[in-house]
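**Student:** Below you will find the structure I want to go over with you.
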Amino acid sequence: MRILAFASYLGTYFNGWQRQKKERTVQGTIEEALKKIYKNKVNIVGAGRTDAGVHAENQAFHFNPPFKINIENLYFALNSVLPWDVKINKLIETEENFHSRKNVKSKVYLYRLKIGEFLSPLEYLTYALTKYKLDLNKMQEALRFFEGEKDFYKFTVLPHLYESTKRKIIKTKIEIKNDKVFIYFEGNGFLRYQIRRIIGTLIEIGREKKDLDWLASLFDKNSREEASAPVEAKGLTLLKVNYPKRYLYGNN
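Here is the structure:
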C-alpha cells in the first residue's frame, strides 16, 4: 500500500523541505511524527523541495506505511503529533507505483507582494515588501513573456546541477488589490530560485529600471545580462500540486 498526502506549512521556522541532520525541516518533522505513530522509521518522498522560508498550502508527498491504519485514524493521529506550523490536509490510498515527484502534472505557486512602507503583523511572515512605485501594466506585459517552454538557465543559481534548465510555465496571472500584488505561476516544474528571480526581474521592469528587450536577452545564454537576484522567500507559497486523476481514486 502507498499513501499520497497533502500538507500545509508555514516555512518561516523551517530550514526548507529536505531532511537535514542538524536543522529543522518539513520532511524531517513529518517523518518524526510518522515514527511516533508506527514505532518504526518511515521515509517520505516529496513532490519537490521548497527553500527555507517558503510556505505551502498543499505540498504533496508519498510513503509506504509499515502496516495498515485506517486512513481517517491516521489523519487525526498525524495532526495530533505534528507541531502547529505543519499539518496534514488530506491522505489518499493510491497505487503502489505512484510517485509523488515523477507523476506530477503541474505545480501552482503564488507570490505575495505589498507596495508600501510597512507590513502589518498579520502580513509579516507571508508577504514581501517593496517601497518602490511599480508600473503594474508593464509587469503584466512582462509576465506573459515567461509562458511556454523556455530555457530558464539564467533564472537559477546552480544551473549545472540540472540535466536541462528548460521548463514549461503553463499559465501566469497577476491580481492587484489596492496595495497588494498577487502573482501566480503554474508549471510542470521549477528550478531552484526560478520564481523568486522572475519576481525580482518583474520588479525591475515595474520600476522602469529595465525593459522588455533586456528581459528577452535573459533567455540567450550567450548574453552577458543577468536576471535579478532572488527576492525574499517569505512571499512565496506552493499552492497546489496537480496529479492525473487516476492516482487520486476519484478524489479532488
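Take 5 as the starting number for the sequence shown in my numbering and just add one per residue. Glycine included, each C-beta is placed from N, C-alpha and C at the ideal position. In this text, all values refer to a predicted model and were calculated from it rather than measured experimentally.
#1: What are the start and end residues of the beta strand (DSSP E) that includes Leu95?
#2: To which residues of the same chain is Phe122 closer than 8 angstroms at the C-beta, ignoring the five residues directly before and after it?
#3: For the region 64 to 76 against the region 39 to 47, do three or more pairs of beta-carbon atoms, one drawn from each stretch, fall closer than 8 angstroms, so that the two count as touching?
#4: Please report how far the alpha carbon of Phe80 lies from the alpha carbon of Asn62, in whole angstroms.
#5: Go ahead and label Lys181 buried or exposed: buried means 16 or more other beta carbons lie within 10 angstroms of its beta carbon, across all protein chains shown.
#6: When you compare the CB positions of Lys154 and Lys170, do they come within less than 8 angstroms of one another, or not?
#7: Does the distance from the C-beta atom of Ile187 to that of Leu129 stay below 8 angstroms?
#8: Would you check if the distance between the CB atom of Leu195 and the CB atom of Ala146 is smaller than 8 angstroms?
#9: Can you find the residues in the same chain that come closer than 6 angstroms, C-beta to C-beta, to Glu100, ignoring five residues on each side of it along the sequence?
#10: Check whether the Cβ atoms of His59 and Ser104 lie closer than 8 angstroms to each other.
#11: Just to confirm before moving on: does the CB-CB distance between Thr33 and Leu86 stay below 8 angstroms?
#12: Can you check which of these residues, Asn107, Tyr197, Pro163 and Lys158, is closest to Ala220 by C-alpha distance?
#13: Tell me whether Pro125 is buried or exposed, calling it buried when 16 or more other Cβ atoms sit within 10 Å of its Cβ.
**Tutor:** Concretely, from the data shown:
#1: Val90 to Thr98
#2: Leu133
#3: yes
#4: 17 angstroms
#5: exposed
#6: yes
#7: no
#8: no
#9: Arg6
#10: no
#11: yes
#12: Lys158
#13: exposed
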